[in-house]
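Everything below concerns the one structure shown next.
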Amino acid sequence: MSLLLLAGCAGYDPGGLMPGAPRSAIVERMGPPTGERPLPGGGKRLEYARGPFGKHTYMLDVDAQGRLSGWQQVLTEARFNAVMIGTPGEQILFEFGRPAQQQRIGRQHLTVWSYRYETPFCQWFQVSVGDDGKVVETGYGIDPMCDYNDHDNDNRP
Numbered sequence: 001m002s003l004l005l006l007a008g009c010a011g012y013d014p015g016g017l018m019p020g021a022p023r024s025a026i027v028e029r030m031g032p033p034t035g036e037r038p039l040p041g042g043g044k045r046l047e048y049a050r051g052p053f054g055k056h057t058y059m060l061d062v063d064a065q066g067r068l069s070g071w072q073q074v075l076t077e078a079r080f081n082a083v084m085i086g087t088p089g090e091q092i093l094f095e096f097g098r099p100a101q102q103q104r105i106g107r108q109h110l111t112v113w114s115y116r117y118e119t120p121f122c123q124w125f126q127v128s129v130g131d132d133g134k135v136v137e138t139g140y141g142i143d144p145m146c147d148y149n150d151h152d153n154d155n156r157p
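Set out below in structure tokens:
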């Protein structure tokens, strides 16, 4: 019975998909996308947020005919470090997909989007988006899930 259950599960990553694969093959392998955004020329960017606590997000681009043109895992420090102050928040969502967490800070007139990602350190990437919809600050902070799970310093035997 467990083999039947495994056979019905969506794939974690798009590794087996080749350029030119139809959208139906993408959905068969990956399941329904967690987000979808338009691309120039009539194509679509399909967002697949994955992993424990959202540490991987795969963006799959399909052309106007619904065929895969490429994919990448977007939650990386190299990509985070390229974010510039003044970038529209919509561009951040296009590049990285939905954040793991959003927190409104009313007194500062901004919303902080936090992205978990694969790292040997217990941190996440944070983007502060002002009320005008543009990035005002970026940085790395301690992921609260790590503090929650860290019992090294709580004097337990």
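Residue 157 is where the sequence shown ends in this note's numbering, and the numbering goes up by one at each step. All residues carry an ideal CB built from backbone N, CA and C; glycine is no exception.
Query raised in the report: Is the beta carbon of D147 less than 8 Å from the beta carbon of W124?
Result: no
Report task. Within its chain, find whatever has a CB closer than 8 Å to the CB of Q172; leave out the 5 residues flanking it on each side and keep chain order. Result -> Outside the shown range of the chain, which is 1 to 157, sits residue 172, and nothing can be said about it.
Query raised in the report: Using the C-alpha atoms, what's the distance from R107 back to M59?
Result: Roughly 34 Å between the two C-alpha positions.
Query raised in the report: Rounded C-beta distance between I92 and V135? I'm assuming under 8 Å.
Result: 7 Å
Query raised in the report: From W71 to A100, what distance separates their C-alpha atoms?
Result: In this structure, the alpha-carbon of W71 lies about 21 Å from that of A100.
Query raised in the report: Could you check where the beta strand (DSSP E) with L68 kicks off and where it finishes?
Result: L68 to Q73
Requested in this report: Write down every uninterrupted run of the alpha helix (DSSP H) in the stretch 68-123 whose length is 4 residues or greater and which is fully enclosed by it, in chain order.
Outcome: 77-81 and 89-96
Query - Reduced DSSP category for P157 - H, G, I as helix; E, B as strand; rest coil - result: Summary for P157: the model assigns pLDDT 44, below 50, so the residue's position carries little reliability; its value from the coordinates is reported in the next sentence. The answer is coil: DSSP assigns P157 none of H, G, I, E or B.
**Report entry** Candidates G11, G66, K55 and E90: closest to T76 by CA position
**Finding:** K55
Query raised in the report: Mind checking Q65: buried by the 16 CB within 10 Å criterion, or exposed?
Result: exposed
Report task. Could you check what DSSP says for G130 in three-state terms: helix, strand or coil? Result -> strand
Requested in this report: With a threshold of 7 Å, establish whether the CB of Y58 neighbours any heavy atom of the ligand MN.
Outcome: By its list of ligands, the structure shown contains no ligand whatsoever, and the ligand MN lies outside what it can speak to.
Requested in this report: Would you mind working out which of A49, G89, F53 and E90 sits nearest V74, comparing C-alpha positions?
Outcome: A49
Query - For F125, the residue or residues it bridges with in DSSP - result: Beta-bridge pairing links F125 to Y115 and Y140.
Query raised in the report: Which one of L68, D63, R79 and G133 has the shortest CA to CA distance from G41?
Result: D63
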